[in-house]
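Residue numbers (this note's numbering): 2 to 971. Notes for the one structure printed next.
Quick look at the structure:
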């Protein structure tokens with residue numbers, strides 16, 4: 002039993018031990034599991050950190066490459082220890098975005114940074130860009146590229162630009178005088194009263210005129226040339242007969258006197274009856290063209306002394322009817338032509354009751370039969386014949402006025418009642434008389450003395466307007482052409498005017514135009530000329546022209562006049578006019594024209610606006626001296642300009658005036674001031690004595706050869722391969738088209754357009770480097786520290802370069818000069834700013850550090866830059882990298898230059914923001930930009946197109962990079 006108990010106790014102990022051991026094992030196993038988990042977690046964290054650091058390393062690598070312009074791809078892989086990162090770069094010239102994904106045993110971390118790059122893009126788009134100092138080119142100097150200059154380009158023999166050339170507008174002129182108060186309208190090119198033209202002054206011409214109007218409304222006139230004893234014909238080409246074609250129709254003896262008479266056929270060509278004084282024949286001409294240069298002439302009646310005082314009308318068949326005087330027998334005769342040339346005709350004697358038939362006047366009634374007024378020499382009577390058949394074989398003849406001494410001449414017209422109205426001269430009383438017939442044969446009539454103010458009434462011509470008479474005639478006492486506007490049928494009330502008072506008015510002929518105003522041809526007694534007058538109103542009053550209109554002004558300062566603004570509108574479609582700048586003569590415009598300008602009417606609207614007119618030349622006007630702006634226009638009462646003005650005469654330094662023709666004078670007060678602005682001062686730039694392979698644009702071009710197109714205000718003495726647009730061209734050869742306002746001695750290969758609007762001058766172009774850029778570059782240099790004293794040859798400690806030695810420097814500010822004179826080399830590792838001057842001589846060099854990569858760098862100074870004796874320059878060694886030497890000096894160096902170049906300099910940009918770059922004989926440079934440039938003989942600028950977008954960095958591994966963000970994104 003005791004053994005059993007001991008056995009049982011031993012089993013229990015064993016069992017307890019086993020249980021304890023099992024629990025311990027279980028607890029130990031738990032601890033082992035926990036330890037294993039912790040190890041795994043730690044390993045994961047480690048790999049994550051490794052991937053993050055790999056990602057960061059990728060960012061750093063890409064930043065270094067971008068910052069130092071090294072080669073890189075937009076996406077590339079990088080091993081970092083045992084790990085790898087994938088990098089994506091999106092970089093512009095201004096900023097960069099870099100993403101880097103690190104990987105460590107499939108543990109991924111992704112980071113990103115965005116930062117601004119410290120680069121400045123400067124565009125050097127031309128072989129030379131120049132400020133307002135301009136470009137001077139010596140003999141055979143050359144720019145291989147284009148030029149843009151804010152000042153003039155002037156050259157010498159052989160000077161050449163292989164690209165194009167632009168010269169910007171000069172200094173703008175300013176308003177010296179103006180008046181802008183507008184309360185009234187003043188027509189320009191208008192005439193009230195009469196417009197008078199001299200048609201023919203080639204000898205003693207203009208007697209025995211006869212007038213008809215063509216379907217164009219322009220006059221056709223037959224007349225006698227007393228100097229050559231010829232019959233002449235004038236066809237007017239405008240309503241004022243300012244232009245005309247004159248033809249001698251018959252010169253076979255003494256032909257065309259006593260009298261001529263004209264009518265126009267349905268073809269618009271003239272038919273003329275006239276007297277052949279050499280053969281004493283009545284003759285007839287049928288013109289076969291508009292100017293009667295081809296014609297058929299027929300002798301109608303040669304049966305004695307026939308044909309004086311003929312009067313012609315055309316029947317409904319288009320064939321002539323003619324009344325005339327037969328001096329042989331003293332009879333009145335009548336011919337009816339039965340064909341166009343009157344080679345077939347019927348002739349009858351109408352009246353043989355004494356010496357009858359002088360001063361005949363013929364009209365055809367509505368029945369197509371003739372009515373004739375004439376004078377009887379034997380009885381001094383006015384007689385009237387009404388034909389009752391076509392050949393006037395039967396007729397009714399009556400004496401209208403038997404007052405003593407009825408004389409030359411008669412004129413007849415028929416009223417709507419078919420009854421005659423006749424004007425004639427009463428030699429006994431020296432009066433003009435008028436007969437209003439009140440029945441068909443004029444057996445009853447009203448006779449009125451129209452004018453008794455002296456010896457008046459010869460050479461009258463009568464027309465009816467709504468049955469009311471208008472009469473023109475000669476005032477022998479005063480030598481005037483006179484005009485009567487009757488107010489009633491028998492003209493007992495009337496208005497008498499004097500359209501032309503200048504010893505004129507014989508042999509009048511009168512018709513109405515489509516405007517119902519008169520057209521008159523007549524003989525100028527004093528000058529022995531043929532004249533023509535167009536009435537601008539009814540009555541035909543004396544000419545009150547407002548054709549040429551002027552405004553005077555006095556400049557406040559002595560300066561050149563450039564242009565004028567005029568406040569204008571238009572009525573209808575007026576022709577172009579000329580603005581003239583004229584000196585004063587006796588308080589009116591004189592005849593001394595200082596400048597002219599085209600007034601392009603198409604640029605004037607129907608409402609008021611300011612029109613700028615540029616002067617063809619720029620004369621100097623003296624202060625407080627009177628000058629005149631004169632609009633020289635063509636008269637046209639339907640199409641004209643209107644100049645706005647001030648009827649209160651508020652402008653105290655001038656006045657307005659008007660005239661029919663500025664060149665003749667006869668100015669009268671306008672009693673107003675006209676609205677204007679006169680611009681004075683300023684400068685105009687030019688291209689002269691230069692060959693341009695491309696196109697060229699400037700205000701003025703002189704002695705140029707241009708391969709392409711040319712645009713200028715004035716082109717003088719040039720050969721242009723392409724087309725030209727200009728205000729004035731002279732002494733030129735143009736291969737293409739030409740648009741201009743004034744042309745003198747030019748040969749044009751293409752089409753010609755005139756008038757035109759001249760091109761505007763090229764705009765002033767800002768220099769490529771701004772003050773903001775300069776300030777930033779100064780800050781970059783100063784960020785690298787300051788050296789007080791000179792650098793280079795004999796420089797201060799730390800900035801001394803021995804002969805044949807090399808120094809790497811930058812970014813740095815040098816408070817002193819930079820002097821390289823003995824084969825010394827300066828390697829630029831960042832922007833260098835020199836407060837003194839820069840002198841490179843004797844084979845010395847300045848180079849950019851290779852770390853600049855594709856970027857460019859600069860060295861600049863407050864003082865001058867001098868280069869001589871094989872100084873050398875280069876960029877980083879990569880394409881697109883350039884060194885720029887820039888000065889802020891305005892001058893003071895050799896030849897007054899801010900930069901003075903004595904030897905070739907390729908791969909370097911020279912920039913003188915405020916001064917002159919002087920390039921000596923035979924020197925070649927890559928690019929020059931300056932306020933002014935002078936190229937000596939044979940000097941050359943050879944442009945590198947890579948300069949169009951040069952990137953300037955603060956330094957290869959320096960500069961300020963502004964980080965905008967740096968973060969983990971995944």
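All C-beta atoms in this analysis are idealised placements derived from N, C-alpha and C, irrespective of residue type, glycine included. A quick note: this is a predicted structure, and the numbers were derived from the prediction, not measured.
Taking 8 Å as the upper bound for CB-CB distance, residue 609 and residue 570 are in contact here, some 5 Å apart. One alpha carbon belongs to residue 888, the other to residue 601, and they sit about 48 Å apart. Distance between residue 576 and residue 633, taken at the CA atoms: about 11 Å. Sequence-distant partners of residue 651 (beyond 5 residues in either direction) whose C-beta falls short of 8 Å from its own C-beta, in its chain, are 180, 182 and 674.
Spanning the alpha carbons of residue 826 and residue 733 requires a straight line of approximately 54 Å. When the five nearest sequence neighbours on each side are left out, the beta carbons in the same chain lying within less than 6 Å of the beta carbon of residue 745 are those of 731, in order along the chain.
Taking a cut-off of 8 Å on C-beta distances, the stretch 417 to 434 touches the stretch 383 to 392, as three or more cross pairs fall below it. Annotation: the stretch 712 to 745 contains the following complete segments of the beta strand (DSSP E) (minimum length 3 residues), in chain order: 715 to 721 and 729 to 735.
The DSSP-derived three-state label of residue 775 is helix. Sequence-distant partners of residue 195 (beyond 5 residues in either direction) whose C-beta falls short of 8 Å from its own C-beta, in its chain, are 500, 501, 534, 535, 536, 537, 541, 542, 543 and 544. For residue 181, there is no enclosing beta strand (DSSP E), as DSSP gives it neither H nor E. Under the criterion of beta carbons closer than 8 Å, residue 508 and residue 568 do not qualify as touching, at roughly 46 Å. In this structure, residue 829 sits near residue 850, with a CB-CB distance shorter than 8 Å.
In this structure, DSSP gives residue 919 an extended state, which the three-state scheme calls strand. Residue 546 is bridged by DSSP to 192. Residue range 590 to 600 is occupied by the beta strand (DSSP E) that includes residue 590. Note on geometry: alpha-carbon atoms of residue 559 and residue 622 lie some 6 Å from one another. Cβ atoms of residue 739 and residue 723 stay farther apart than 8 Å, at about 10 Å. With contacts defined by Cβ atoms closer than 8 Å, residue 335 and residue 364 do not form a contacting pair. Taking 8 Å as the upper bound for CB-CB distance, residue 884 and residue 875 are in contact here, some 7 Å apart. Taking 8 Å as the cut-off, the Cβ atoms of residue 483 and residue 457 count as close. Taking 8 Å as the cut-off, the beta carbon of residue 153 is found no closer than this to the beta carbon of residue 176. Taken in chain order, the unbroken stretches of beta strand (DSSP E) that lie wholly in the stretch 210 to 276 and span 3 residues or more are 220 to 226, 231 to 237, 245 to 251 and 256 to 265. Where residue 583 is concerned, the enclosing beta strand (DSSP E) starts and stops at 578 to 585. The criterion of a C-beta distance shorter than 8 Å is not satisfied by residue 713 and residue 132. Between the stretch 623 to 630 and the stretch 585 to 594 there are three or more inter-stretch CB-CB distances shorter than 8 Å, so the stretches are counted as touching.
In this structure, the straight-line span from the alpha carbon of residue 328 to that of residue 597 is close to 59 Å.
Residue 378 carries a coil assignment under DSSP once its states are collapsed to helix, strand and coil. The three-state reading of DSSP puts residue 59 in helix, counting H, G and I together. In this structure, residue 697 keeps its C-beta atom at 8 Å or more from the C-beta atom of residue 142. The beta carbon of residue 269 sits closer than 8 Å to the beta carbons of 215, 216 and 291 from its chain, once the five residues preceding and following it are set aside; these are given in chain order. For residue 410, the uninterrupted beta strand (DSSP E) segment begins and ends at 407 to 415.
Under a 10 Å Cβ-count criterion, residue 200 is classified as buried, with 16 or more other Cβ atoms of the shown protein chains found around its own Cβ.
Between the stretch 313 to 321 and the stretch 273 to 289, the count of Cβ pairs shorter than 8 Å is three or higher; the stretches touch.
Three or more beta-carbon pairs separated by less than 8 Å are not found between the stretch 215 to 235 and the stretch 658 to 667, which leaves the two stretches without contact. If you draw a straight line from the Cα of residue 162 to the Cα of residue 677, it is about 42 Å long.
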